[in-house]
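This report refers to the structure that appears directly beneath it.
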């Protein structure tokens, strides 16, 4: 099995864990190659473990698993071209269950991935150094993911266990993605923005523009906090993760435009192009280079969602897009004032937004900011009303919703309006207005599918309202599950 490791080597600050019969190159350097082999099952003496390291770049540390503490391993300086490994422990390292069929490359870690789940006691009674430091960060790569698209995952082993045991990593389990051919867009130069995505025909609301499996999952702590220990090691693993991707995915990631002045070029690309997503309850960044090609607009004409079970990122048109029009996505929360949007964009992406909404006259900008402020106050009031804290004399929900729908349309918030439609269906149902509830539930059902995806709980809620209203309006007969 791929993950029944018996040997660990640390080269250039990166820890690699190897199994019998494995081979690895470090950092893409031809002068650093390791071969490790086992003569047969049960043979665990020094003569049967042969480690060959061709070293032409100075001294390299070779270590075995004879000790629990990372700082107490057997280090053997290597100066010659060929050495035999020291005797090693026969205990396998515990890697993510089920991942042996997922990763096609030897995992690399910032530290040894042993004893990270619970603190353990060594023979001298001290707690394991690794347990005190917490989990390491390990890189897993699968070049077979989605028929060869490939993916690299840099995260904690406990989270990797959850990710790489997903059915989508099993060959044949990945869903087929249907894409219109030829695509309804082209990549062209956009004045003042660089390259952008331009519609080459009329695109209607709801049309799918992208359905792309992600090519990378990176734990945010692994590269966003430059002050943390191991930062250089983690960025080295990120670079290695991209290098290990199949050619097409690797070239697409490297072609992304990065943040100017970034300490690390690749980290700069991820910082401004990746999408936020939680795995194992912790913040990660996912990489979809095709979607990252779209430029920002505070009032975009597309909406997107990420399917966390299939690991596919979907993008749909949020309104009619005319031929020749740029296809855009928003990088920020649209329910902010122009000033707040500009600060957020400048701080995070390093540019000034010049979209049509940000380029309005001061009077129109003030009017827009006023509507945004009112929208946020209405949202707060709606949540209070539906939480059961409503007081006598407050405005009924249906009137609030009608105002919200009007302002969302006036603000051109087409990519986010499905949230209002969901609340409209609930409000009209609560008010006993069945036809209106049915109308908004149908509209919200489509909106949720396009904006949030098929796994969002609002989809089931809208289905329930559609069914209930249809029964009460005599449009459908009640489904009797009685066996009698």
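Residue numbers (the UniProt record's numbering): 1 to 484. Ideal placement from N, C-alpha and C gives every residue a C-beta, glycine not left out.
For residue 255, count neighbouring Cβ atoms within 10 angstroms of its own Cβ and tell me buried if that reaches 16, exposed if not. Exposed, since its Cβ has fewer than 16 Cβ neighbours within 10 Å.
Give a yes or no on whether the C-beta atoms belonging to residue 206 and residue 313 are separated by under 8 Å. no
Residue 426 burial status per 10 Å Cβ neighbour count (16 or more: buried): Buried.
Would you kindly report the start and end of the unbroken beta strand (DSSP E) that includes residue 189? 185-190
Applying the criterion that 16 or more other CB atoms from any shown protein chain within 10 Å of the CB defines a buried residue, is residue 215 buried or exposed? buried
Does the stretch 241-248 come close enough to the stretch 182-202 that 3 or more CB-CB pairs lie under 8 Å? no
Skipping 5 residues on each side, what residues in its chain have a beta carbon closer than 8 Å to that of residue 252? 215, 289 and 290
Coil, strand or helix - residue 326 by DSSP: strand
CB of residue 155 within 8 Å of CB of residue 219, strictly: Inclusion of residue 155 and residue 219 in the CB contact set at 8 Å is warranted, their separation being smaller than that value.
Rounded to a whole number of angstroms, what is the C-alpha to C-alpha distance between residue 44 and residue 210? Interpretation of residue 44 is limited by its pLDDT of 33, a score under 50 that renders its predicted location unreliable; the figure taken from the coordinates is listed afterwards. Whole-angstrom Cα-Cα distance: 51 Å.
Based on the DSSP output, what are the partners of residue 375 in its beta bridges? The partner list for residue 375 (beta bridge, DSSP) is empty, contrary to what the question assumes.
Quick check: residue 438 and residue 469, are their CB atoms within less than 8 Å of each other? yes
Using the rule of at least 16 other Cβ atoms within 10 Å of the residue's Cβ for burial, across every protein chain shown, is residue 410 buried or exposed? exposed
Going by the DSSP bridge assignment, what does residue 307 pair with across the sheet? 312
Excluding five sequence neighbours on each side, which residues of the same chain lie with their C-beta closer than 7 Å to the C-beta of residue 436? 428
Of the listed residues 431, 430, 457 and 321, nearest to residue 419 (C-alpha basis): 457
Simplified DSSP state of residue 289, which is helix, strand or coil: helix
Do the CB positions of residue 447 and residue 466 come within less than 8 Å of each other? no
With three or more C-beta pairs closer than 8 Å as the rule, is the stretch 232-241 touching the stretch 188-205? no
Just the Cα atoms here: how many angstroms apart are residue 1 and residue 459? Reliability fails at residue 1, whose pLDDT of 29 lies under 50, so the model's placement of it is uncertain and no value is given.
Beta-bridge pairing of residue 145 - partner residues as DSSP gives them: Per DSSP, none; premise fails for residue 145.
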